Amino acid sequence: MHNSQVFADSLQRMADLICQQHSSLDVMPLSPVGQFQTRTVSLETLMREVTECLSASFRQRPAHDFPMLHFAWGKCRVGSTALTNLFGTMGMPSYYQPVKAILRDAMVGNSLRPWIVPSASNSPNIFSKETMGPYVLAESLFNPLRILIDAGYPRHRLHCIMLDREPASSLASWIEKWSDRASEKTLVHNYVAAALNAVRVASYAEQQDIPVTHYVYEVSKEAVSSVRILFDRLGLSDSFTENAVTSWREPGQVEANNTRVIFPSEATIYKVPNLHTSDSAYRYQRRATASLSETQLDILERCGVNDAYRASVAACVRDLHLNATTSTRLFGDWFAAAA
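Put into C-alpha cells, the structure is as follows:
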C-alpha cells in the first residue's frame with residue numbers, strides 16, 4: 000500500500016476514536032518524540048502526574064479563595080495569544096498555557112512546578128488559555144479542564160471559553176510556523192487530533208456543569224462589538240473598555256502593553272522566533288491557505304475537522320446572540336452550512 004494511503008488510513012482511525020471519545024486514547028503508549036517527549040508514557044499517566052502537581056497547591060485552599068477563572072481552550076493558532084493579551088490589557092492576570100507547561104515537563108521526566116493561582120481577594124477574576132498541539136500527540140489530546148477540576152479547582156469558579164478558527168487557515172499557520180521542527184505529516188496528524196479533541200473537552204465541561212461560551216476567531220473581524228458581547232456573557236461588563244480592544248499601547252509607548260500576561264518557564268526548544276504577531280490592538284489577521292495541498296484540504300473534510308468547525312460556528316452564533324446578517328458577514332458560507 001502506498002505510504003500516503005497508510006497515513007490517511009491511520010489518521011482516519013485516530014479521528015474516529017476521538018469522535019467516539021474512545022477510552023483507548025487514554026491508555027495507549029505514546030512513544031518518545033525527540034526532545035519534546037523522552038518517555039514512553041500514556042496520556043492517563045501524564046494527566047495524573049499534572050493533576051497531582053496542581054492538587055498539592057490547590058488542596059489546602061478554601062473554595063472562596065479561588066478567583067473566577069475564565070478558561071480558554073482551543074487548538075493552536077486560533078488567536079488565543081491575542082485574546083490572552085486582551086484580557087491582560089483589560090486589567091486582570093492573564094496566564095499563557097500554565098497547565099500545558101506542566102505537561103511538557105512531565106513528558107521529559109522533569110520535576111513539576113505547580114501553577115500558583117492568586118487569591119480571589121487580590122484578583123477576583125483571572126484568565127488562562129490552553130492550546131492543543133503541535134509537536135506530540137499528548138499535547139493534542141490532553142484535557143486541561145479535567146486536570147484543573149480533578150486537582151481541586153472549584154467548578155463554580157470556572158467558565159470555559161471554547162476557541163476555534165477556520166480549519167485551513169489554522170492548519171496553514173501550523174505548517175508555516177513549525178515545519179522546521181516537525182514533519183508536515185506529524186503536524187497534520189496532531190492538528191486533526193487537536194481540532195477533534197474539542198468534542199471531548201466540551202463533553203466533559205457539560206458533564207461537570209461548567210458554563211461554556213464558544214468564541215470563534217472570525218468574530219474578531221468586528222472586534223469591539225464581539226469582545227463587548229463576550230465580556231457581557233462572562234459577567235465582566237465592568238472590565239470592558241473599547242480602548243483596551245483598539246489600542247494596547249500607552250501614549251509614547253513603543254511596545255504593546257501586556258504586563259499583566261504571565262508566561263510559564265519553558266525549555267528553549269519551545270521558543271519559536273516570530274511565532275506571535277506583534278500588534279497594537281486586538282484584531283483579525285487573515286491567513287493565506289494557498290500553500291495547502293488538495294490532499295491536506297481533503298483530510299480536513301474527510302476526518303471531520305470542517306464539521307467540527309461548522310459546529311463551533313453554530314454554537315458561537317448562538318452563544319453571542321449574533322443575527323443572520325452579522326453571522327453571514329463574519330463567517331460567510333460556513334454560517335450557511337452551519338445554520
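For the sequence shown, counting from 1, position 279 maps to 278 in numbering that gives the first Met the number 0; every step adds exactly one. Glycine is no exception: its CB is placed at the ideal position from the N, C-alpha and C atoms. Keep in mind that this is a model prediction, so the values were computed, not measured.
Non-local C-beta neighbours of Val211 in its own chain, meaning closer than 7 angstroms and more than five positions away in sequence, comprise Cys159, Met161, Ala201 and Ala204, ordered along the chain.
Between Ser178 and Arg286, the C-beta gap is not smaller than 9 angstroms, which leaves the two residues out of contact. Ranking Ala307, Gly234 and Asn189 by CA distance to the CA of Val135 puts Asn189 first. Under DSSP, Asn124 shares a beta bridge with Met67.
By the C-beta density criterion, Pro28 is exposed, having fewer than 16 other C-beta atoms within 10 angstroms. Judged by DSSP in its simplified three-state form, Lys176 adopts helix. Separation of Ser224 and Tyr94 (C-alpha to C-alpha, rounded to the nearest whole angstrom) is 24 angstroms.
Beta-carbon to beta-carbon, Ala150 and Thr50 are separated by about 5 angstroms, close enough to satisfy the 8 angstroms threshold. Between Ser292 and Trp247 the beta-carbon gap is near 36 angstroms, outside 8 angstroms, which marks them as no contact. Taking Ala105 as reference, the option from Thr44, Phe262 and Ile209 with the minimal CA-CA separation is Thr44. If you look at His188, you'll find it isn't in any beta strand (DSSP E); it sits in the alpha helix (DSSP H) that goes Glu183 to Leu195. Contact annotation: Leu299 and Leu140 have beta-carbon atoms that are not nearer than 9 angstroms.
Within the same chain, and ignoring the five residues on either side of Arg232 in sequence, the residues whose Cβ sits closer than 8 angstroms to its Cβ are Thr212, Asp318 and Leu319. Annotation for Met161: the continuous beta strand (DSSP E) segment containing it runs Leu157 to Asp163. Positions of the beta strand (DSSP E) runs, each at least 3 residues long and wholly inside the stretch 200–229, are given as 211–215 in order along the chain. Of the other Cβ atoms in all chains shown, fewer than 16 fall within 10 Å of the Cβ of Val26; this residue is therefore exposed. With a threshold of 16 other beta carbon atoms within 10 Å, Asp163 meets it and is buried.
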